[in-house]
Amino acid sequence: PVHYGYTASGTDDEETLRANREGFQKFRLRVRRLIDIRNIDMSTEIFGQRLDNPIMLAPVGGQGKYNVEGEVASARAARVGGHTQILSTATSQTVEDVTAARGAPIWFQLYPSNYWHVAEALAKRAEQAGCPVVAVTVDRAAPRNMETLARFRRADTTNCDACHTFGPPAERLRDRAMYRGIDLDGIESLQASGLTWDFVARLKSATSMRVMLKGIVTAEDAALCLQYGVDGIIVSNHGGRSEASGRSTIESLPEIVAAVNGRIPVIVDGGFRRGSDIFKALALGANAVCIGRPYVWGLGSFGQAGVERVLEILRTEFERVMKECGVTSIAQINSSYIERA
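Under the numbering used here, think of the first position of the sequence shown as -2, with each following residue one higher.
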C-alpha cells in the first residue's frame, strides 16, 4: 500500500495535483480540414539531438519498488518506442546500467541538496556515463506534507526498508545506486534550502553537460535562467508533490515560453494523460513533454511490457490528434491550433 500512496500523493489537500489535470480543460484545440495527413512525422530536435517523438520519460525515483528491474525495464521500453529517458538521482539502478539498457545516452536529474561535494560527485558520474544533459530539480527547497502517503504507510505491514526508510539521510542513502562511494557523513537533510543561482553558476563551470532547471513556473525565474546561462527549462511542480500553489503547469507554460522567446528549449510535465494533452502543450510553445505516473503504473502492473504499452498508447493518440488538427510534423504545431476555453 505505501508504494501506491507514495505515487498517488500530492502535497497538502492535493490541489496542485488536481490542477495539473484540470488545467488542460481550460484550453481547446482549433482543428483544420482538407489537408493531406497520410504521412505523419513526430520527430523533433532538442540540443541538436533528433528525438523520434516529443514524449519523454520524467525522472521517477526508486522504480525498483514497482518492478524488480526498475529503471532498466523503463529504459528498455523507452528504447523500443524511441523515447528519451531522464534518470532520477534516487534511481534504484546505476546510471551506467540504465544507459546500457537504453542503448543510447540518457539525461540525468540532479537533486542538489546543500552539500556541494555530493552534487558534484553525482554530476561527474552522470557525465562520465555519457549523459549529455543534467536537469537540476529546484522545487524541493522545503519539506512537503504528503497525507495520502502517510495514511497508506500506516496500512502497510510489509518490511520494505530498502525503498522507503525514514531515518537519517546518510543512513537511507548509503546503499542507493547513485550515492555509493560518496561521503555522506554529517548530512542532516537533502532539502536544498540554501539553493541559489550561485549553485547554477558553479555547476555550469563544473560540467560540460547541458544544464536545465526543473521546477521553473514563472516568467521572472525564466528570465533569470537566461541571465545565468541555463541551457533549458522544465516547467514542473513535481507532479503536484512539492507545492500547494493550486496552479497547473500547463497554465504556467505560456508565460515561460514568452519569457525565453525561443532562446532555450522548454519542456513541461504534470498531468499528461492523453495525446491531446501533448498537442496542447506543443501548441502553447513547449518543445517536448515529460510523463511520470502513467509509465510508472505500467511498470508496476506489467514491467517493461506495461511501460511499452503506455508509451504506445500516448504515441498513437498524439499521432491521431495531429491528424485531427491537420498537421503532419511537429514544426507545424503552433498557437493557431489552440484557444482558451
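Here a beta-carbon is modelled for each residue, glycine too, at the ideal position from N, C-alpha and C.
Problem set entry | CA-to-CA distance, ASP172 to SER89, given in whole angstroms | Approximately 10 Å between the Cα atoms of the pair.
Exercise. Among residues of its own chain, excluding the 5 on either side of GLU316, which ones have a beta-carbon nearer than 8 Å to its beta-carbon?
Worked result: Cβ within range, chain order: ILE37, MET39 and GLY272.
Problem set entry | Segments of 3+ residues assigned as beta strand (DSSP E) that fall wholly inside the segment 273 to 315 | You should have 285 to 288.
Exercise. Measuring CB to CB, does ALA70 end up less than 8 Å from LEU308?
Worked result: Between ALA70 and LEU308, the C-beta spacing is not below 8 Å.
Exercise. Roughly how far, in whole angstroms, is the beta-carbon of LEU311 from the beta-carbon of ALA278, given that I think they are within contact range, below 8 Å?
Worked result: About 12 Å; that fails the 8 Å criterion.
For this session: Out of GLY323, ALA147, ILE247 and SER85, point me to the one whose CA is closest to LEU119's CA.
Result: Looking at the Cα atoms, SER85 is the closest of the given residues.
For this session: Mark CYS284 as exposed unless 16 or more other C-beta atoms lie within 10 angstroms of its C-beta, in which case mark it buried.
Result: Position check: residue 284 holds Asn in this sequence, whereas Cys was assumed. Its Cβ being crowded by 16 or more others within 10 Å, ASN284 is buried.
For this session: Leaving aside the five residues before and after ILE253 along the sequence, list all residues of the same chain whose C-beta is less than 7 Å from its C-beta, in chain order.
Result: Closer than 7 Å at Cβ, skipping near neighbours: ILE213, ALA216, ALA219, ILE230, VAL232 and VAL263.
Exercise. Are the segment 0 to 12 and the segment 231 to 248 in contact at 8 Å, needing three or more beta carbon pairs?
Worked result: Proximity of the segment 0 to 12 to the segment 231 to 248 meets the contact definition, three or more beta-carbon pairs being nearer than 8 Å.
Exercise. Since THR134 contacts TYR108 with CB under 8 Å, what's their CB separation in whole angstroms?
Worked result: Right, their Cβ atoms sit about 6 Å apart.
Exercise. Can you give, in chain order, each stretch of the beta strand (DSSP E) that sits fully within the segment 127 to 198 and has at least 3 residues?
Worked result: At a cut-off of 3 residues, the continuous stretches assigned as beta strand (DSSP E) that sit fully inside the segment 127 to 198 are 130 to 134.
Problem set entry | C-beta neighbour in chain B for TYR334, strict 8 Å | In summary, chain B is missing from the structure at hand, where a single protein chain is found.
Problem set entry | Rounded C-alpha distance that separates GLY2 from GLU42 | So the alpha carbons of these two residues sit roughly 36 Å apart.
Problem set entry | Integer Cβ distance of GLY323 from ARG30, believed to fall under 8 Å | Indeed they touch by this definition, with Cβ atoms about 6 Å apart.
Exercise. Given GLY58, which residues of its chain have a CB within under 6 Å of its CB, disregarding the five upstream and five downstream residues?
Worked result: Answer for GLY58: SER85 and ALA87, listed in chain order.
Exercise. How many Å lie between GLY100 and ALA338 at the Cα?
Worked result: Rounded to whole angstroms, the separation of the alpha carbons of ALA338 and GLY100 is 42 Å.
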